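Q:
In full-length UniProt numbering, the protein residues as written are 1 to 991.
#1: If you scan the segment 89-163 from start to end, which runs of the alpha helix (DSSP H) of 4 or more residues do you find wholly inside it?
#2: Could you pull out every residue in the same chain whose Cβ sits closer than 6 Å to the Cβ of residue 916, ignoring the five residues on either side in sequence?
#3: Spatial neighbours of residue 12 within its chain, please: CB distance less than 7 Å, with the 5 preceding and 5 following residues excluded, ordered by chain position.
#4: Using 8 Å for Cβ pairs, my map puts residue 954 next to residue 907. What's the rounded Cβ distance?
#5: At the level of alpha carbons, what is the spacing between residue 201 and residue 243?
#6: Just the Cα atoms here: how many angstroms apart are residue 878 and residue 872?
#7: What number of angstroms, rounded off, separates the C-alpha of residue 18 from the C-alpha of residue 159?
#8: Assuming residue 1055 contacts residue 364 (C-beta within less than 8 Å), just tell me the rounded distance between them.
#9: Straight-line CA distance for residue 642 to residue 687?
#10: Should residue 783 and residue 840 be called a contact, given that it needs their Cβ atoms to be closer than 8 Å?
#11: Cutting at 7 Å between CB atoms, please list the residues of its own chain near residue 195, excluding the five before and the five after it.
#12: Would you tell me roughly how many angstroms separate the C-alpha atoms of residue 896 and residue 848, rounded to the nearest one?
#13: Please confirm if the segment 411-424 is in contact with the segment 388-402, defined as three or more CB-CB distances below 8 Å between the two stretches.
#14: State the start and end residues of the unbroken beta strand (DSSP E) segment that holds residue 911.
#15: Can residue 812 and residue 803 be called in contact, C-beta distance under 8 Å?
#16: Pick from 285, 370, 386: whose alpha carbon is nearest that of residue 342?
#17: Under a Cβ-count criterion, where at least 16 other Cβ atoms within 10 Å of its own Cβ denotes burial, should residue 272 be classed as buried or exposed?
#18: Tell me whether residue 485 sits in a helix, a strand or coil according to DSSP, three-state version.
#19: Would you report the Cα separation of residue 574 and residue 910, rounded to the nearest angstrom?
#20: Taking a contact to mean a Cβ-Cβ separation below 8 Å, would you say residue 929 touches residue 950 in this structure?
#21: Would you mind working out which of 123, 810, 843 sits nearest residue 421, comparing C-alpha positions?
#22: Measure the C-alpha to C-alpha separation of residue 473 and residue 961 and round it to an integer number of angstroms.
#23: Below 6 Å CB to CB, which residues in the same chain sit around residue 33 once its five sequence neighbours on both sides are set aside?
#24: From this set, 182, 131, 789, 660, which residue's C-alpha is nearest residue 720's C-alpha?
#25: With which residues is residue 992 paired in a DSSP beta bridge?
#26: Out of curiosity, what's the CA-to-CA distance linking residue 265 and residue 564?
#27: Rank 963, 677, 920 by C-alpha distance to the C-alpha of residue 612 and give the top, closest one.
#28: Measure the beta-carbon distance from residue 651 to residue 599 and round it to whole angstroms, keeping in mind my assumption that it falls under 8 Å.
#29: Suppose the cutoff is 6 Å on Cβ atoms and the five residues either side in sequence are ignored; what does the same chain contact list for residue 276 look like?
#30: Cβ of residue 994 within 8 Å of Cβ of residue 344?
#31: Checking the sheet assignment: what are the DSSP bridge partners for residue 690?
#32: Would you say the segment 630-646 touches the segment 656-674, given that touching needs at least three Cβ pairs under 8 Å?
#33: Are there 16 or more other CB atoms within 10 angstroms of the CB of residue 54, so buried, or fewer, so exposed?
#34: Beta-carbon separation of residue 153 and residue 181 under 8 Å?
#35: Would the beta-carbon of residue 361 fall within 8 Å of that of residue 372?
#36: So, for residue 815: in the same chain, excluding its five sequence neighbours on each side, which residues have a beta-carbon less than 6 Å away from its beta-carbon?
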């Protein structure tokens, strides 16, 4: 009862205070000027964005691109491209400005200048200064208005260790400059002193992940060690100077690790008594209440308060998109009202625990701030124990009204150059123009009662919604969760205990002994034997072929639903053994844990997708006419020989095998020798899932003898191959020769690699491009058929790109695949290592070595190598190397970039980093690749979403994981029946 009375008191007070604050703010309603009266160009841009969703998207995309444009002509051209689209409704004034034919013309120059100036003005409303002189001027103005500050240094994304070190040094310098300047500031009792305590005049806000370029929850310990050293330096210097430090919260993936690191560090004796440090909680997160309760418990244990800044959260779009793409539960609330309600609950929780924590309530919503004041006044919270916070340029009038009521209002001041600050600006613009934004609602003259009403959660806020799709893929492991990280470590330990076992071929349902064995070794440490594998001889291959032939009649008659059920059972078994399967992959082929986990998802998806697709195809097609039925149906071809590679040892082996099986073909799997143990694990799963004997057989053997024998066998109907161009072309040629007794033409499905290029044009977001190229080029040590091995860069950004690309690559960790910190593991074996080294030597003779990283010698390691000033015709720019070697090629214009990209014999994957719509359109039409990726990595194709496969000499056949892949394993037939009898026929629908 007491609690209910208290809550009703809170609400009554909240309404009263909110009305007072609104009355004060509405004297001059808008934080960006009264739109009706002033309407400068920057105001017009925002007003138009609020009124037209299509324009809003295009306008903000243009603004995002603007800092990368180097001339007025480029600006004018991009302005036309983004806003000139017919789908965008333009206000008359803006349409008139765009009405120029030539970007170099005077009208084009005027348009460019007008919009550039408007955007710059807009940016300065949200960014407190581009240099220290400007930010000090802003701070001094804020202090005159009785507002303290916290300064956030804007900058490029930290993707290199040099940038991480620079981030630390820039903050050390910033604190020094601010503290030096503060010595001349006139003391302001209301913000510099409270309840007899002197408060730090200077406060900075930092992002913990920016202290280490390879910050990753999967490598929690390594990230903590690297970040911890730099944080300690920062906090020590802050104490010497008398400055306060606040830690911002970032993307959800980092949240638990950030909180864990800070909680441990701030319990260390050196920092335990510090009360000038802050941590942030985001109310839009579903687990924010538990996080806050845990922080309060921790603060009680610590016995010295820290500040907890409560915000709603700035990455909503990013978090919802990522969770949808990954099939993960959505970490944020879907409904803004739910976030607002949670914010109020957390505000109450914070202020009720004011003895243990200081509260900083960050919001531009009048009700949210009024609620905090109502609770604080009711609980008689001391003024030292809480403050309000707003972002610079937002909620100015609210801030002034709060100050006038005697509250401390800290302004969050981003500072830095316009170029790195553009991402921040876009986030602010998105917030201000969103329909649910309080600032926008206030601007639109909504009724006061509506603006300050309690947030109403209309319905249960679902934590997960799938994107519209007929196929839902498996979710990768989210290594941000400590429990899942622990499971992967346990799986590695479990698998290590099983190393060295013997694996035998499966022929006609029985494991058969062999005379020849090979050792499958761990490429990270070649003294470690993963397993001993029995290789079949030609005689056993013939036995397997005969077993398949005998099993075929029964399997082809097995209903599709039964075949599909076996695939789904196999998928469930893989899901249940995900961690163990990933561990086998880590140890047998040297694939890092996250990459191995993604491959498990792909294998699962192949099973479920092909099961679903075969059920669709089994329905056939009806083309009936009166008196005649016409059925288009499919039947299996016969015996399929699957020759799988070692680089995707589970996913590709599974995909080709289950596609053949579900289509009704008996299938023999001959895997690449280095991945034979993983193929044996797939065999165990298929047997357990219920595959009949003889229908599927595991036949590891030498490619030159056993492989060739099965390819040439007259009973072979389909050959599904993934591997080198040399072997693929030989299989294609041999399969075309009709053998004695053969009554059919063999179908060959061959994926044969690529020389994949990423184009980086002059408008590219270089943060995104450098990160994407590094991931695409050096993930799994460049041993993916989709890996980037050429980067084609426009001359305007070439030097900058190369410098950051080299530094980002240098920041990668090279080591054993089972180490959580490893980004670049070993190559597969000694032959691969030696072949790659030969290519590196050829590259040194024809290009400049920008980077050659050293590598360990206890495994088959090759450190990443980057060649620059490479001729498009150079060997390293033309031949597939299949290792961590990248050629960077300079071009003069976009047309030349496309010409260079298309100059190889391959056409598998390719990518483009660009913010120029015409370049994106041209590349979609002219870039000769089977899988084309725009502004993202070019590896990691997902079943059904990005069916995979190329053309030219990259392969022949339909795309794996696509709607026509199974057709290659099937024979189509047409069955026509005349259903007339003596001139009459059944009439459909007749009774």
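Where a beta carbon is used, it is the ideal one built from N, C-alpha and C, also for glycine. Here the structure is a predicted model, which means the values were calculated and not measured.
A: Reading from the atomic positions:
#1: Complete alpha helix (DSSP H) runs here, min 4: 92-97, 106-126, 132-144.
#2: Sequence-distant partners of residue 916 (beyond 5 residues in either direction) whose C-beta falls short of 6 Å from its own C-beta, in its chain, are 763.
#3: Non-local C-beta neighbours of residue 12 in its own chain, meaning closer than 7 Å and more than five positions away in sequence, are absent.
#4: At roughly 5 Å, the Cβ-Cβ gap stays under 8 Å, so residue 954 and residue 907 are in contact.
#5: Their Cα atoms are separated by approximately 7 Å.
#6: Those two C-alpha atoms are separated by around 7 Å.
#7: Approximately 44 Å between the Cα atoms of the pair.
#8: The question about residue 1055 has no answer here: the residues shown for the chain are numbered 1 through 991.
#9: The C-alpha of residue 687 is placed about 17 Å away from the C-alpha of residue 642.
#10: No; because the gap between Cβ atoms is not below 8 Å, this pair is not in contact.
#11: Excluding sequence neighbours, residue 195 sits near 382, 383, 384.
#12: For residue 896 and residue 848, the distance between alpha carbons rounds to 21 Å.
#13: Short answer: they touch.
#14: In this chain, the beta strand (DSSP E) harbouring residue 911 covers 909-913.
#15: Taking C-beta atoms as the reference points, residue 812 and residue 803 fail to come closer than 8 Å.
#16: For residue 342, the closest C-alpha among the options 285, 370, 386 is that of 285.
#17: That one is exposed.
#18: When secondary structure is reduced to three states using DSSP, residue 485 falls in the helix class.
#19: Separation of residue 574 and residue 910 (C-alpha to C-alpha, rounded to the nearest whole angstrom) is 31 Å.
#20: Contact check for residue 929 against residue 950 passes: the beta carbons are separated by less than 8 Å.
#21: Per the Cα distances, 123.
#22: A straight-line Cα-Cα distance of about 11 Å links residue 473 and residue 961.
#23: Caution is warranted here: a pLDDT of 41 is assigned to residue 33, below 50, making its placement in the model unreliable, and the coordinate value is therefore given only provisionally. The residues are 43.
#24: Selection 182, 131, 789, 660 evaluated against residue 720 yields 660 as nearest (Cα-Cα).
#25: Lying before the first or after the last residue shown, residue 992 is absent from the chain, which here runs from 1 to 991.
#26: Roughly 53 Å between the two C-alpha positions.
#27: Of the candidates 963, 677, 920, the one whose C-alpha sits nearest the C-alpha of residue 612 is 963.
#28: Confirmed, Cβ separation roughly 5 Å.
#29: The answer, listed in chain order, is 200, 244.
#30: No statement about residue 994 is possible, as the shown extent of the chain runs from 1 to 991 and does not include it.
#31: Residue 690 is not bridged to any residue.
#32: Output reads yes: the segment 656-674 touches the segment 630-646.
#33: With fewer than 16 other Cβ atoms from the protein chains shown falling within 10 Å of its own Cβ, residue 54 counts as exposed.
#34: No, the Cβ-Cβ distance between residue 153 and residue 181 is not below 8 Å.
#35: For residue 361 and residue 372, yes; Cβs fall inside 8 Å.
#36: Setting aside the 5 residues that flank it on each side, residue 815 is surrounded in the same chain by 822, each with a C-beta closer than 6 Å to its C-beta; the list follows chain order.
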